[in-house]
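Below you'll find the structure, written out as C-alpha coordinates, and then a few comments.
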Amino acid sequence: MLYNNEQYLTMNTIYEFDEKEDIILPDTYWGEIVYIVYILADIIKTRTNIRQKLFELKRQIKIHHKWMKVK
(Lines of atoms letter the chains of each structure in order from A; the text may use other names.)
(Lines give C-alpha, C1' and ligand atoms only; values in the text may rest on other atoms or scores of the structure.)
Protein backbone atom coordinates (compact mmCIF):
# COMPACT_ATOMS: atom_id res chain seq x y z
CA MET A 7 0.00 0.00 0.00
CA LEU A 8 1.14 3.48 -0.79
CA TYR A 9 0.33 6.39 1.42
CA ASN A 10 0.32 9.97 0.24
CA ASN A 11 1.22 11.69 3.46
CA GLU A 12 2.22 15.30 3.32
CA GLN A 13 4.66 16.71 5.78
CA TYR A 14 4.43 20.27 6.90
CA LEU A 15 7.28 22.17 8.45
CA THR A 16 5.95 24.48 11.09
CA MET A 17 7.89 26.86 13.21
CA ASN A 18 6.26 27.73 16.48
CA THR A 19 8.76 30.19 17.82
CA ILE A 20 7.71 32.98 20.10
CA TYR A 21 10.13 35.87 20.22
CA GLU A 22 10.05 37.52 23.61
CA PHE A 23 12.56 40.14 24.63
CA ASP A 24 13.10 40.96 28.26
CA GLU A 25 15.09 44.17 28.61
CA LYS A 26 16.27 43.23 32.09
CA GLU A 27 17.55 39.77 31.18
CA ASP A 28 18.47 39.81 27.47
CA ILE A 29 21.47 41.65 26.09
CA ILE A 30 21.77 42.42 22.39
CA LEU A 31 25.28 42.14 20.98
CA PRO A 32 25.57 43.82 17.58
CA ASP A 33 28.49 42.71 15.40
CA THR A 34 29.71 46.24 14.70
CA TYR A 35 30.13 49.51 16.51
CA TRP A 36 27.60 51.05 14.12
CA GLY A 37 25.01 48.52 15.31
CA GLU A 38 25.78 49.41 18.92
CA ILE A 39 25.37 53.13 18.17
CA VAL A 40 21.98 52.49 16.55
CA TYR A 41 20.92 50.46 19.59
CA ILE A 42 22.02 53.24 21.97
CA VAL A 43 20.08 55.85 19.98
CA TYR A 44 17.00 53.60 20.04
CA ILE A 45 17.17 53.20 23.83
CA LEU A 46 17.74 56.93 24.37
CA ALA A 47 14.73 57.72 22.17
CA ASP A 48 12.67 55.27 24.24
CA ILE A 49 13.81 56.99 27.45
CA ILE A 50 12.81 60.39 26.09
CA LYS A 51 9.41 59.19 24.86
CA THR A 52 8.26 57.17 27.87
CA ARG A 53 9.96 59.02 30.75
CA THR A 54 9.34 56.12 33.12
CA ASN A 55 12.04 54.15 34.92
CA ILE A 56 14.76 56.39 33.54
CA ARG A 57 17.31 55.38 36.18
CA GLN A 58 16.76 51.66 35.51
CA LYS A 59 16.97 52.11 31.73
CA LEU A 60 20.20 54.11 32.02
CA PHE A 61 21.66 51.40 34.26
CA GLU A 62 20.75 48.73 31.68
CA LEU A 63 22.17 50.87 28.86
CA LYS A 64 25.43 51.30 30.77
CA ARG A 65 25.57 47.52 31.31
CA GLN A 66 24.91 46.97 27.60
CA ILE A 67 27.78 49.27 26.59
CA LYS A 68 30.23 47.62 29.00
CA ILE A 69 29.37 44.11 27.83
CA HIS A 70 29.57 45.13 24.15
CA HIS A 71 32.97 46.73 24.75
CA LYS A 72 34.29 43.55 26.42
CA TRP A 73 32.78 41.39 23.69
CA MET A 74 34.43 43.41 20.92
CA LYS A 75 37.80 43.00 22.65
CA VAL A 76 37.40 39.22 22.66
CA LYS A 77 36.09 39.11 19.12
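If you're matching positions, the sequence shown starts at 7 in this note's numbering and goes up one per residue. Beta carbons: idealized from backbone N, C-alpha and C, even for Gly.
- Query: Within 10 angstroms of its Cβ, does Q58 collect 16 or more other Cβ (buried), or is it exposed?
  - Reply: exposed
- Message: Could you tell me the alpha carbon to alpha carbon distance between W73 and F61, rounded to whole angstroms?
- Response: 18 Å
- Query: Would H70 be called buried (16 or more neighbouring beta carbons within 10 Å of its own) or exposed?
  - Reply: buried
- Item | Residue range of the unbroken alpha helix (DSSP H) whose run includes R57 | I56 to V76
- Item | Inter-residue Cα distance where the pair is R53 and I45 | 12 Å
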